[in-house]
Amino acid sequence: MIEQLTVFIQNEKGRLSGLCRTLADANINMHDLFIADTSDFGVVRVFCDTPQAAAKVLDEAGFRASVTKVLAVRVPNEPGGLAHLLETIESMGANIEYGYCFSRGEATAIDVLKVVDDTVEGKLSEAGFDVVSAEEVYKLD
Amino acid sequence: MSKYYQEEIECMEHSKLEELQLERLRDVAVRCYENIPLYKQRFDEAGVDPYHIESLEDIKKFPFTVKQDMRDAYPFGLFAVPRSECVRVHASSGTTGQATVVGYTKDDLQVWGDCFARGIYMLGGGEDSVVQVSYGYGLFTGGLGAHFGAEAAGAMVVPMSTGNTKRQIQIMKDFGVTILCATPSYALLIADTIAEMGMSMDEFKLTGVILGAEPCSEATRDEIRRKLGVQYCDVYGLSEIMGPGVAMECSEANGLHLCEDQFLAEIVNPDTFEPVPDGEFGELVITTLTRQCTPLIRYRTRDLTRFIPGECACGRTHKKIDRIVGRTDDMLIIRGVNVFPSQIEQVVNSFDEITPHYQIVLTTKGTLDQIELRVETAPDFPFDEIRALEDLRKRLAAALKSNLQIAVKIKFCEPKTIERSEGKSKRVIDLREVKQQN
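Just so you know, the sequences run in chain order A and B. Heads up: the first sequence at position 90 corresponds to 90 in UniProt numbering, and the numbers run straight through without jumps. Heads up: the second sequence at position 325 corresponds to 325 in UniProt numbering, and the numbers run straight through without jumps.
So this is what it looks like as structure tokens:
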């Protein structure tokens with residue numbers, strides 16, 4: 001599992017930039033950022049270096065921030081890459097809360113999933129999936 | 001040291017207390033009639049004779065006094081003594097109209113100090129206490145009322161007034177403050193700031209707090225008790241009647257003893273003005289029994305409370321009132337429905353997933369009133385999942401709908417964006433184009 005920084009922000013002008021500036025001032029580098037938004041708030045999910053320290057910095061700056069464990073799997077960057085992964089998890093009877101994908105380079109993509117069942121990671125590894133470790137994505141705390 | 005400040009008065013047999021009240025009621029009714037033109041006119045119109053009061057029940061024949069009467073008499077029209085005998089004035093802020101002014105003679109100040117000092121003793125305090133007064137000083141009665149009350153009890157007073165919270169905390173620690181007097185919201189801010197500063201309550205000598213001047217729910221009281229780890233003394237008072245100290249909460253933590261030797265209290269239905277049975281909620285009406293400068297007959301406080309029946313284990317015989325659950329003029333009329341902020345607060349406090357801080361925002365959309373409730377999720381709430389937030393929103397909205405009979409929009413806010421004031425909390429923001437008032 002890898003650690004994702006999650007931040008609750010109001011859907012208002014200046015909040016996202018404030019969040020980024022706070023991390024920048026603390027010299028924390030972000031690698032990926034995704035926003036799930038509703039009409040009045042957004043949940044920002046971030047892969048950054050030292051996520052625990054980042055959450056602490058944001059908390060002190062008045063943000064509601066926490067660290068969430070998520071699953072990251074490397075899949076081939078080709079048609080059916082994600083479908084195969086999702087079908088496998090489905091066959092294990094596990095529920096996916098949310099997910100998003102990004103690619104690093106041409107050949108592969110990384111799929112990030114919040115899965116309720118903690119045993120899924122081990123099972124995917126056994127089934128031959130390339131589960132991504134934390135140090136491949138960010139600097140550890 | 002006695003556990004009572006004035007044992008002979010505070011523990012007086014109730015029948016004796018009623019005799020004292022009757023004697024004082026006769027006196028104050030005549031003083032009002034002879035010295036204040038408004039009362040002479042009102043009593044005559046109502047056909048009541050202040051010289052023939054047979055029992056305490058006769059109070060019901062007298063007309064009420066309301067805040068507007070005090071506004072109309074601005075500034076000194078209700079003084080019953082020559083100006084030269086008045087040694088101090090206080091006034092309400094006047095933010096909702098003309099300010100109301102009250103005056104005090106030397107004896108009035110003495111009585112006020114004694115009433116508040118009883119509360120210092122209820123917290124086990126006395127001449128060894130160090131009392132920090134973090135109420136505002138000035139025309140507002142909070143600061144000076146607590147100040148002179150603590151002095152009357154023989155305590156050492158630290159007159160901080162409000163503001164500069166970190167300095168307040170430093171002084172509290174360095175001076176070994178044992179009793180803090182403040183508004184509940186300010187006490188909560190102090191508690192949170194102590195935690196933020198990385199300090200622990202073990203570093204303080206605090207044993208009790210005297211909190212009042214704004215409404216406070218049972219849950220907020222619990223939160224303050226838990227965070228500060230001390231006895232909570234709720235203090236009731238209003239400037240028109242005297243200031244803080246009209247009623248104070250003993251260590252039994254179940255109601256506030258009203259200073260019955262000084263005040264005759266009634267609880268009436270706010271619509272019919274008929275008395276309600278003991279134990280039922282209604283509007284508190286107070287007659288000042290000994291005040292010399294600005295005595296008031298049957299003053300409608302607009303505060304909602306009830307008498308708590310039964311004897312108190314602390315030994316004091318004076319009747320207890322419940323904490324103030326709301327004000328008759330706090331009532332909001334939203335789409336024709338009567339809503340008390342205290343109802344909303346009750347719902348907010350029943351959800352562990354959100355903090356006790358909230359704000360109500362009223363707006364107009366088209367011709368309809370809209371009500372929005374702003375809340376913050378608790379620090380440990382799993383906000384990572386939007387589904388969890390949406391589920392919380394639904395449950396909160398359903399609870400509000402069933403409690404208030406109107407739909408309330410819920411807005412989740414970031415931590416500390418809801419104002420924690422250093423005085424009275426601004427719980428309601430009314431931005432409606434046409435404000436309905438009761």
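Each residue gets a CB set at the ideal place from its N, CA and C atoms; glycine is no exception. All of these numbers come straight from a predicted model, not from anything done at the bench.
- request: Evaluate B:Met197 with the Cβ neighbour count: other Cβ atoms within 10 Å of its Cβ, from every protein chain shown; 16 or more gives buried, anything less gives exposed.
  value: Taking the first residue of the second sequence as 1, we reach residue 197 of chain B at position 197. B:Met197 comes out exposed.
task: Please work out which residues of its chain come closer than 6 Å, Cβ to Cβ, to A:Phe63, disregarding the five sequence neighbours upstream and downstream, and give them in chain order.
output: Residue numbering aside, residue 63 of chain A sits at position 63 when the first sequence is read from its first letter. Within its own chain, the residues whose Cβ lies closer than 6 Å to the Cβ of A:Phe63, once the five positions on either side in sequence are excluded, are Val7, listed in chain order.
Bridge-paired residues (DSSP) for B:Gln231: In the second sequence, the residue the question calls residue 231 of chain B occupies position 231. Looking at the DSSP output, B:Gln231 shares a beta bridge with B:Gly208.
message: According to DSSP, simplified to helix, strand and coil, what is B:Glu218?
response: As a first step, residue 218 of chain B is located in the second sequence; it is residue number 218 there, counting from the start. DSSP places B:Glu218 within a helical segment (H, G or I) once states are collapsed to three.
query: Leaving out five residues before and five after A:Asp59 in sequence, what residues of the same chain have Cβ atoms less than 8 Å from its Cβ?
result: Here residue 59 of chain A refers to the residue found at position 59 of the first sequence. Excluding its 5 nearest sequence neighbours in each direction, A:Asp59 has C-beta neighbours in its own chain below 8 Å: Ala65, listed in chain order.
message: Which residues in chain A have a C-beta closer than 7 Å to the C-beta of B:Cys413? List them in chain order.
response: Here residue 413 of chain B refers to the residue found at position 413 of the second sequence. Neighbours of B:Cys413 on chain A, chain order: Gln10.
task: Any chance you could list the beta strand (DSSP E) runs of at least 3 consecutive residues sitting entirely within the region 134-205 of chain B, in chain order?
output: The qualifying runs are 156-159 and 179-182.
query: Under 8 Å between C-beta atoms, does A:Val43 make it to chain B?
result: On the first sequence, position 43 is the one that residue 43 of chain A refers to. Answer yes: the Cβ-Cβ gap between A:Val43 and chain B drops below 8 Å somewhere.
- prompt: Can you tell me the Cα-Cα spacing of B:Asp278 and B:Ile267, whole angstroms?
  reply: To locate residue 278 of chain B, count along the second sequence from 1; it is residue 278. To locate residue 267 of chain B, count along the second sequence from 1; it is residue 267. Each residue's alpha carbon lies about 8 Å from the other.
field: CB-CB length for B:Leu211 against B:Asp234, believed under 8 Å
entry: The residue you call residue 211 of chain B lines up with position 211 of the second sequence. The residue you call residue 234 of chain B lines up with position 234 of the second sequence. At roughly 6 Å, the Cβ-Cβ gap stays under 8 Å, so B:Leu211 and B:Asp234 are in contact.
- request: May I have a chain-ordered list of the beta strand (DSSP E) segments no shorter than 3 residues that lie completely inside the region 290-375 of chain B?
  value: Here the runs fully enclosed are 299-305, 332-334, 337-339 and 354-365.
field: Residue closest to B:Arg31, alpha-carbon to alpha-carbon, out of B:Ile297, B:Lys426, B:Cys314 and B:Glu390
entry: Position 31 of the second sequence holds residue 31 of chain B. Nearest option by C-alpha distance: B:Ile297.
- prompt: Going by the CB atoms, is the gap between B:Tyr121 and B:Lys3 shorter than 8 Å?
  reply: For the purposes of this step, residue 3 of chain B is identified with residue 3 of the second sequence, where counting begins at 1. For the purposes of this step, residue 121 of chain B is identified with residue 121 of the second sequence, where counting begins at 1. Note that the C-beta distance between B:Lys3 and B:Tyr121 is below 8 Å.
- prompt: Is B:Gln437 buried or exposed, if buried means 16 or more other CB atoms sit within 10 Å of its CB?
  reply: As a first step, residue 437 of chain B must be located in the second sequence, where it is residue number 437. Note on B:Gln437: pLDDT 46, under 50, position unreliable in the model; no value is reported.
task: Give a yes or no on whether the C-beta atoms belonging to B:Ile334 and B:Asp303 are separated by under 8 Å.
output: Within the second sequence, residue 334 of chain B is the residue found at index 334, counting from 1. Within the second sequence, residue 303 of chain B is the residue found at index 303, counting from 1. Not in contact: B:Ile334 and B:Asp303 (Cβ atoms no closer than 8 Å).
task: Please determine, among B:Met242, B:Phe307, B:Val348 and B:Leu284, the residue with the shortest C-alpha to C-alpha distance to B:Gly103.
output: Residue numbering aside, residue 103 of chain B sits at position 103 when the second sequence is read from its first letter. Closest by C-alpha distance to B:Gly103, out of B:Met242, B:Phe307, B:Val348 and B:Leu284, is B:Met242.
- request: With DSSP as the reference, label B:Thr65 as helix, strand or coil.
  value: Here residue 65 of chain B corresponds to residue number 65 of the second sequence, with the count starting at 1. Correct three-state label for B:Thr65: strand.
message: Just to confirm my understanding: we take B:Glu19, look at its own chain, exclude 5 residues before and 5 after, and list those with CB closer than 6 Å. What are they?
response: To locate residue 19 of chain B, count along the second sequence from 1; it is residue 19. Correct list: empty, nothing qualifies.
- prompt: For B:Tyr232 versus B:Val246, is the C-beta distance shorter than 8 Å?
  reply: Here the question's residue 232 of chain B lines up with position 232 in the second sequence. Here the question's residue 246 of chain B lines up with position 246 in the second sequence. Remark: C-beta atoms of B:Tyr232 and B:Val246 do not approach each other more closely than 8 Å.
message: So, with DSSP's three-state summary, where would you put A:Val73?
response: Numbered from its first residue, the first sequence carries residue 73 of chain A at position 73. Residue state, collapsed to three classes: strand.
- request: Spatial neighbours of B:Val276 within its chain, please: CB distance less than 6 Å, with the 5 preceding and 5 following residues excluded, ordered by chain position.
  value: Within the second sequence, numbered from 1, the residue matching residue 276 of chain B stands at position 276. Cβ within range, chain order: Ile267, Asn269 and Gly282.
query: Exposed or buried, which one is B:Arg427 when buried takes at least 16 other CB atoms within 10 Å?
result: If you number the second sequence from 1, residue 427 of chain B lands on position 427. When all chains shown are included, B:Arg427 counts as buried.
message: For chain B, check one thing: does any of its Cβ atoms lie closer than 8 Å to the Cβ of A:Ala36?
response: Position 36 of the first sequence, counting from 1, holds the residue named residue 36 of chain A. Output row for A:Ala36: interface = yes.
message: For B:Met248, count the other beta carbons within 10 Å of its own beta carbon; 16 or more makes it buried, fewer makes it exposed. Which is it?
response: Within the second sequence, the letter at position 248 stands for residue 248 of chain B. It counts as buried.
task: Give a yes or no on whether the minimum CB-CB distance between B:Glu385 and chain A is below 8 Å.
output: To locate residue 385 of chain B, count along the second sequence from 1; it is residue 385. By this cut-off, B:Glu385 is an interface position.
message: Suppose you measure from the CA of A:Ile9 to the CA of B:Glu214; what does that come to, to the nearest Å?
response: Reading the first sequence from its first residue, position 9 is the one you call residue 9 of chain A. Reading the second sequence from its first residue, position 214 is the one you call residue 214 of chain B. Rounded to the nearest angstrom, the two C-alpha atoms are 31 Å apart.
query: Nearest-angstrom Cα distance between B:Thr193 and B:Lys227?
result: Here residue 193 of chain B refers to the residue found at position 193 of the second sequence. Here residue 227 of chain B refers to the residue found at position 227 of the second sequence. Taking the straight line from one Cα to the other gives about 11 Å.
field: Three-state class that DSSP yields for B:Gln21 in the structure shown
entry: The residue you call residue 21 of chain B lines up with position 21 of the second sequence. The three-state reading of DSSP puts B:Gln21 in helix, counting H, G and I together.
task: Taking 8 Å as the cut-off, decide whether the C-beta atoms of B:Glu376 and B:Lys409 are in contact.
output: Working through the second sequence from its first residue, we reach residue 376 of chain B at position 376. Working through the second sequence from its first residue, we reach residue 409 of chain B at position 409. The answer is no: Cβ separation not under 8 Å.
Residues bridged to B:Gly282 [DSSP beta-bridge criterion]: Taking the first residue of the second sequence as position 1, residue 282 of chain B is located at position 282. Paired residue(s): B:Thr305.
- prompt: According to DSSP, what are the bridge partners of B:Ser84?
  reply: Here residue 84 of chain B is taken as the residue at index 84 of the second sequence, counted from 1. B:Ser84 is not bridged to any residue.
task: Quick one: which unbroken alpha helix (DSSP H) runs of 4-plus residues sit fully inside the region 92-129 of chain A? Chain order, please.
output: Here the runs fully enclosed are 120-126.
- request: Please go through the same chain and pick out, in chain order, the residues whose beta-carbon is closer than 8 Å to the beta-carbon of B:Leu17, but skip the five residues on each side of it.
  value: Within the second sequence, the letter at position 17 stands for residue 17 of chain B. Glu260, Asp261, Thr317 and His318.
task: May I have the straight-line CA-CA distance separating B:Phe263 from B:Gly255, to the nearest angstrom?
output: Walking along the second sequence from the start, residue 263 of chain B turns up at place 263. Walking along the second sequence from the start, residue 255 of chain B turns up at place 255. Straight through space, the alpha carbons of B:Gly255 and B:Phe263 are spaced by roughly 17 Å.
message: Please identify the residue among B:Thr165, B:Ile171 and B:Pro379 whose C-alpha is closest to the C-alpha of B:Ser185.
response: Locating residue 185 of chain B in the second sequence gives position 185, counting from the first residue. It is B:Thr165.
Backbone secondary structure at B:Cys413 - three-state DSSP: Within the second sequence, residue 413 of chain B is the residue found at index 413, counting from 1. DSSP places B:Cys413 in strand when its eight states are reduced to three.
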